[in-house]
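There are 4 protein chains.
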Amino acid sequence: MSSDKSYKWFVDHLSPHETHGHGIDALVFSGKSDFQEIEILDSKSYGRCLVLDGKMQSSEIDEYIYHEALVHPAMLNHPNPKNIFVVGGGEGATVREILRHPSVEHVLMVDIDQKVVEACKEHLPQWHMGAFDDPRVELKFLDARKYLEETKTKYDVIIIDISEPVEEGPAYLLYTKEFYHLLIDRLSEAGTISLQAGTTAPPYLINFRAVCQTLLNVFPIVSPYQVSMPSFGLPWAFALASKLTDPTSFSPDEIDRHIAERIEGELKFYDGITHLGQFSLPKYLRRELQKKKRIIEDNQPLYLYV
Amino acid sequence: MSSDKSYKWFVDHLSPHETHGHGIDALVFSGKSDFQEIEILDSKSYGRCLVLDGKMQSSEIDEYIYHEALVHPAMLNHPNPKNIFVVGGGEGATVREILRHPSVEHVLMVDIDQKVVEACKEHLPQWHMGAFDDPRVELKFLDARKYLEETKTKYDVIIIDISEPVEEGPAYLLYTKEFYHLLIDRLSEAGTISLQAGTTAPPYLINFRAVCQTLLNVFPIVSPYQVSMPSFGLPWAFALASKLTDPTSFSPDEIDRHIAERIEGELKFYDGITHLGQFSLPKYLRRELQKKKRIIEDNQPLYLYV
Amino acid sequence: MSSDKSYKWFVDHLSPHETHGHGIDALVFSGKSDFQEIEILDSKSYGRCLVLDGKMQSSEIDEYIYHEALVHPAMLNHPNPKNIFVVGGGEGATVREILRHPSVEHVLMVDIDQKVVEACKEHLPQWHMGAFDDPRVELKFLDARKYLEETKTKYDVIIIDISEPVEEGPAYLLYTKEFYHLLIDRLSEAGTISLQAGTTAPPYLINFRAVCQTLLNVFPIVSPYQVSMPSFGLPWAFALASKLTDPTSFSPDEIDRHIAERIEGELKFYDGITHLGQFSLPKYLRRELQKKKRIIEDNQPLYLYV
Amino acid sequence: MSSDKSYKWFVDHLSPHETHGHGIDALVFSGKSDFQEIEILDSKSYGRCLVLDGKMQSSEIDEYIYHEALVHPAMLNHPNPKNIFVVGGGEGATVREILRHPSVEHVLMVDIDQKVVEACKEHLPQWHMGAFDDPRVELKFLDARKYLEETKTKYDVIIIDISEPVEEGPAYLLYTKEFYHLLIDRLSEAGTISLQAGTTAPPYLINFRAVCQTLLNVFPIVSPYQVSMPSFGLPWAFALASKLTDPTSFSPDEIDRHIAERIEGELKFYDGITHLGQFSLPKYLRRELQKKKRIIEDNQPLYLYV
């Protein structure tokens, strides 16, 4: 029997010339929404995975890295976050991490794709862990940008948890200067946002640079950081942008104290030393941000390969 | 014409159930030595690559990350490294980085596979940049372990730059407790070693843990560190082990001063902040090292999948 | 959306150096029996497929070619086949084709793997079309060779519908001289057998030659024939062996008349001209059978790559 | 060592959802002409291969099947072929087979792509075997259609040996009704043409049907035939079209006598029985040609996937 060899594969095309292949055991869910193709599958190395339009979104084995890295640095960058807005976040794991902060009074999650959220609710219980049922959580299936344009509410933290900007995909207008101006307007005084900022692999740095430079065009404080999430096949960047507080001003001990005081349960990825490590980018990445500016605008969007 | 699509591929099997595929332009060299299959190929995303037994060893686009990370932390951990030993290092880039330290008087590189070194000399000039011709460099094609058993010379820094331990491969006896005991005996008083310590991807942490735990069984100071080298397809660990000095005791400013004073030319990857970042491992990796000990011994080797 | 590109694949390894990849929509069934791994999947080009131990067994789009080619030449080679034995035949399509011959009074199908048959019953209704429920059909889950050794019954036609002979697989003892001697003993006077005889692709002719030569060692009349079944990725051979009648003695008109008189419903693949074409092997295949004999025996089996 | 496993691959995309992968040893030649990407590579299973725009054109192991099947039926369909025109034929193997007919006085080969021919001359000596140097052969690098439009010469046999009709590729205007009208005008009284007519795999029959139906729109006699050439990954059709003689009117014995009298050297694929077999198409292919007509015209071309 050939049980030591995979013959069913999910092939993630990182670029036209680079692939990341995952031997799979089962296709748990396949569907198509108005916005994207949705797959939930069980891979042999990374467990259950969410795949949108053929791209890995998160895996059972390392989603905690992604979601802890996306949520907690931003939450701790605000002194007392009560009102939180989540753009996207279909798996429910971003909300799960937000709810670990007892300061939180209300989380509004706006995801354009109801089908994704419903598939995740049913098939990714390890991700959301019931977060959608928490009374503090409100869920709307709308265009988040349009919603923010029409509301006057201020948020303490806005977490942007969306897929990459691809042509005809649902996300590209959530990566532009205009959108970031809208976000800063909707933030409270010490307001902070965080988002994934593309791969930091040397062949594909254009997106990382453009996202960071576009944020810097709008926010007074922008702190990119890097994590290793092997299910993505490439190293990955996030960025935290805020109106007031620089996350790199906190020492590891301060972060550890904040975690002890302000987060329930135990984290697996994030702590003071992790914080220090992730914000200490290698020299070539810091240099990259000094290169010629590429500002992403509504009428000059940046599309990545799918 | 289909120029935007790759149909020639190098497929790196990261595990039986995970692959990393590279669209390729050309096969520059193919050969077989007594020890391994040797390929040098031009990939579309990572440029020229060295592949041994089907596994990526280093790529033109990110080899500086690997070689700067492997060499400079160890070199700066010794106050005045003069006599250097390199185990493996076929590409010549490890020696290239060592030679940037003017303190160095002699580098002995011992690689078991002459064919690899000859192929690299001819086809990877961007890697070695003539390092093999430096009068301070001595090159021997021998079993490095046997050589070290028979010599009485002491070395200030020993850099281990070899492929992963696989069954029937040339390297597995260079990852054992017995070999590390030999190394510590051949080090001078402030002697330091460095080596790659396997992937830090959560599904495959066994090797990282075992290498670090085996080092800790022998050396008083062991400092693992992590870098992102996307051509490998997975995040990767290194480890520095020394008799005297803890590399994490240096501040970023001290590292930057040492670099300015002790390294010629400009580095692309490594500096004080990079140093701080790479040694600040995320929480789950530090936890991993607390788990049940797995000591690698000559008669209990650890083989990785090829 | 990337709907024009497949990222979920079933990869059939035709050899260590040749693959046939199928973009897939769904994994309908995955299981493991005592004998093999069982998959039923929906491919984009060939529809539903049965896969055993990672090898394509039959596809919705071209299974009629396989099953008509396997069954009808043998059935028409006997003047009045009443009692039929099927070795293997898990999908039920072989029995389906046999039942189209009104002469048939009893079909005994012996498949070692009950799990395969149950999965096919549930998920491949287009294959069996209810054949398992026909009162003329008897189904046993046993080792067919052992069963035939112990019975004294004579059969008019024996159809061998099994996977390829691979090490540790369930089939290799059903391809030997000893087994063929057993078959000829269990055949009635004008008895005929048919079986798949491996690929006719030039790089892999060893199996085709050995199967035919082994049959010729036992049967007075052996007629190999070739069909194109693209889901297999390679051209494929069958062989008919009989005690009395040479199938190539029938003209296309005679075959067409036999079909009209003796088979219910309309065939899609097989008719008089098809018969003529498939038994008219190209010169290089006829030559292959003249080469040095390779007789497959119980203690000198032939294993194919999986 | 992992010598039993391929990690360098040529992946032939048969369709967006079907691939044929070849483990490769070496890339012998890579280039780009004004018309297409050109590769010559050494595969592990099929030896040396010519690949144009990522599609397999012919392989060392089975090119004799393709070239004997393309050339000899057409040549023997004419009583005394002296003047031959070849459209395409870059490898030189088509000319090689034509020159085995001593009746031939002149072969004009017109291939649009000089770079392909030069690469084949240098790297595929097993294909052309010096045919380009034969004094009967004239070679022009032109658009064959334009050339034929401007000449008044009549040819006894015209062999069309070109790649498939793909958008922006060089070949699509050589598959239209208008081109076939041009060909019939340039044929002598008993003139015959032959060409490859696409795959006969059930999922992709549109091309086979349209090519045959378009030929039937122009020629009084059209005889499609099928061969198995495993390097193509799919079964393949050819078609012979003539003004006078039906190739299926010859018995195997007549073909064998013609071969003995009119072809020098020994053939490996083609003889009387092969002839009978290849023109005896299975029922489903003959049925396919009865389906709704699809005539290919200059302004209604048929493009296949690349």
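Residue numbers (our numbering), protein chains in the order written: chain L, 1301 to 1606; chain A, 1301 to 1606; chain X, 1301 to 1606; chain R, 1301 to 1606. Ideal Cβ positions, reconstructed from N, Cα and C, are used throughout, including at glycine. Quantities reported herein were computed from a predicted structural model and do not represent experimental measurements.
*Hey, out of R:I1338, R:N1599, R:L1341 and R:V1328, whose CA is closest to V1474 (chain R)'s CA?*
Looking at the sequence provided, one finds Leu at residue 1474 (chain R) rather than Val. Measuring from the Cα of L1474 (chain R), the nearest candidate turns out to be R:N1599.
*How is F1519 (chain A) classed by DSSP in three states: helix, strand or coil?*
In this structure, F1519 (chain A) counts as coil in the three-state DSSP scheme.
*Using three-state DSSP, classify V1387 (chain L) as helix, strand or coil.*
Three-state DSSP puts V1387 (chain L) in a strand.
*Just curious, the alpha helix (DSSP H) that H1558 (chain X) is in, first and last residue?*
For H1558 (chain X), the uninterrupted alpha helix (DSSP H) run begins and ends at P1552 to R1562, by DSSP.
*Could you tell me which of X:P1425, X:R1396 and X:C1420 sits nearest to P1435 (chain X), measuring between CA atoms?*
Just measuring C-alpha positions, the residue of X:P1425, X:R1396 and X:C1420 sitting nearest P1435 (chain X) is X:R1396.
_Cβ contact (3+ pairs, closer than 8 angstroms) linking the stretch 1526 to 1534 of chain L and the stretch 1543 to 1550 of chain L_ = Segments in contact, no.
_Does chain A have any CB closer than 8 angstroms to the CB of F1354 (chain R)?_
The residue asked about is misnamed: residue 1354 (chain R) is Gly in this sequence, not Phe. The beta-carbon of G1354 (chain R) is placed less than 8 angstroms from the nearest beta-carbon of chain A.
*Rounded separation between R1445 (chain L) and R1486 (chain L) - CA only*: It is roughly 11 angstroms from the alpha-carbon of R1445 (chain L) to the alpha-carbon of R1486 (chain L).
*asked:* To the nearest angstrom, how far is the alpha carbon of V1438 (chain R) from that of K1583 (chain X)?
replied: For the record, residue 1438 (chain R) in the displayed sequence is Glu; it is not Val. One Cα belongs to E1438 (chain R), the other to K1583 (chain X), and the distance between them is close to 32 angstroms.
*Identify each residue in the stretch 1472 to 1503 of chain A for which the Cβ-Cβ distance to at least one residue of chain L is less than 7 angstroms, and report them in chain order.*
Those would be T1500, A1501, P1502 and P1503, in chain order.
*Cβ-Cβ separation, W1536 (chain R) to T1492 (chain R) (assumed contact under 8 angstroms), whole Å*: Contact doesn't hold; Cβ gap of about 19 angstroms is too wide.
*Going along the stretch 1332 to 1362 of chain R in order, which residues come within less than 7 angstroms of chain X, judged by CB to CB distance?*
Shown in chain order are the members of the stretch 1332 to 1362 of chain R whose Cβ falls below 7 angstroms from a Cβ of chain X: K1344, S1345, Y1346, I1361 and D1362.
*Straight-line CA distance for S1463 (chain X) to Q1357 (chain X)?*
In this structure, the CA atom of S1463 (chain X) is about 7 angstroms from the CA atom of Q1357 (chain X).
*In chain order, what residues of the same chain have a beta carbon less than 7 angstroms from the beta carbon of K1593 (chain R), not counting five sequence neighbours either side?*
Hits under 7 angstroms: Q1513.
_Within the stretch 1344 to 1368 of chain R, ranges of the beta strand (DSSP E) (whole runs, at least 3 residues)_ = Counting only runs of 3 or more residues that sit fully inside the stretch 1344 to 1368 of chain R, the beta strand (DSSP E) segments are 1347 to 1352 and 1355 to 1359, in chain order.
*Between L1448 (chain L) and the rest of its own chain, which residues show a CB-CB distance below 6 angstroms, the 5 nearest in sequence each way excluded?*
Around L1448 (chain L): L1482 and R1486.
*In terms of residue numbering, what span does the beta strand (DSSP E) encompassing K1308 (chain A) cover?*
In the DSSP assignment, K1308 (chain A) falls within the beta strand (DSSP E) that extends over K1308 to S1315.
*Between the beta-carbon of L1352 (chain R) and the beta-carbon of Q1336 (chain R), is there less than 8 angstroms?*
The Cβ atoms of L1352 (chain R) and Q1336 (chain R) lie closer than 8 angstroms to each other.
*Cβ of R1562 (chain A) within 8 angstroms of Cβ of H1401 (chain A)?*
In contact: R1562 (chain A) and H1401 (chain A) (Cβ atoms closer than 8 angstroms).
_Buried or exposed (CB count within 10 angstroms, at least 16 for buried), Q1496 (chain A)_ = Under this definition Q1496 (chain A) is a buried residue.
*Would you please verify whether the beta carbon of E1318 (chain L) is less than 8 angstroms from any beta carbon of chain A?*
For E1318 (chain L), the answer is yes, since a Cβ of chain A falls inside 8 angstroms of its Cβ.
_What would DSSP say about S1302 (chain A), mapped onto helix, strand or coil?_
The pLDDT assigned to S1302 (chain A) is 39, lower than 50, so where the model puts this residue is not dependable; a value taken from the coordinates is nonetheless given after this. In the structure shown, S1302 (chain A) sits in coil (DSSP, three-state: anything other than H, G, I, E or B).
_With a threshold of 8 angstroms between beta-carbons, can F1538 (chain R) be considered close to chain D, or not?_
Annotation note: the requested chain D is absent from the structure, which comprises protein chains L, A, X and R.
*From the beta carbon of F1310 (chain R), is the nearest beta carbon of chain A less than 8 angstroms away?*
Closer than 8 angstroms to some Cβ of chain A, the Cβ of F1310 (chain R) qualifies, so yes.
_Partners in chain R for K1568 (chain X), counting only beta-carbon separations shorter than 7 angstroms_ = For K1568 (chain X), the chain R residues whose Cβ falls inside 7 angstroms of its Cβ are K1583 and Y1584, in order along the chain.
*Give me the Cβ distance between K1308 (chain X) and F1310 (chain L), rounded to the nearest whole Å; I'm assuming they're in contact under 8 angstroms.*
Rounded to the nearest angstrom, the Cβ distance from K1308 (chain X) to F1310 (chain L) is 6 angstroms, consistent with a contact under 8 angstroms.
_Does Y1570 (chain A) come out as helix, strand or coil in the three-state DSSP assignment?_
Y1570 (chain A) falls in the coil class under three-state DSSP.
*Say whether chain R places a C-beta atom closer than 8 angstroms to the C-beta of K1591 (chain X).*
It does not; no Cβ of chain R falls within 8 angstroms.
*Could you list which residues in chain X have their beta carbon closer than 9 angstroms to that of Q1526 (chain R), in chain order?*
Going along chain X in sequence order, the residues near Q1526 (chain R) (Cβ under 9 angstroms) are S1528 and G1577.
*Check the Cβ-Cβ distances between Y1307 (chain R) and every residue of chain A, and say whether any is below 8 angstroms.*
So, interface residue.
*Of the choices A:E1318, A:H1372 and A:K1344, whose alpha-carbon is the least far from that of G1565 (chain A)?*
Among A:E1318, A:H1372 and A:K1344, the Cα nearest to that of G1565 (chain A) belongs to A:H1372.
_chain R contact for S1551 (chain X) (CB, 8 angstroms cutoff)_ = So no, S1551 (chain X) is outside the interface.
*Identify whether K1332 (chain A) lies in helix, strand or coil by the three-state DSSP scheme.*
The answer is strand: DSSP assigns K1332 (chain A) an E or B state.
*Do L1581 (chain L) and A1541 (chain L) have their CB atoms nearer than 8 angstroms?*
By the CB criterion at 8 angstroms, L1581 (chain L) and A1541 (chain L) fall outside the cutoff.
*Based on the DSSP secondary-structure assignment, which residues constitute the bridge partners of E1280 (chain R)?*
Residue coverage of chain R in this structure runs from 1301 to 1606, which leaves residue 1280 (chain R) outside it and unanswerable.
_For P1613 (chain R), the nearest candidate out of R:H1320, R:P1465 and R:K1355 (CA to CA)_ = Outside the shown range of chain R, which is 1301 to 1606, sits residue 1613 (chain R), and nothing can be said about it.
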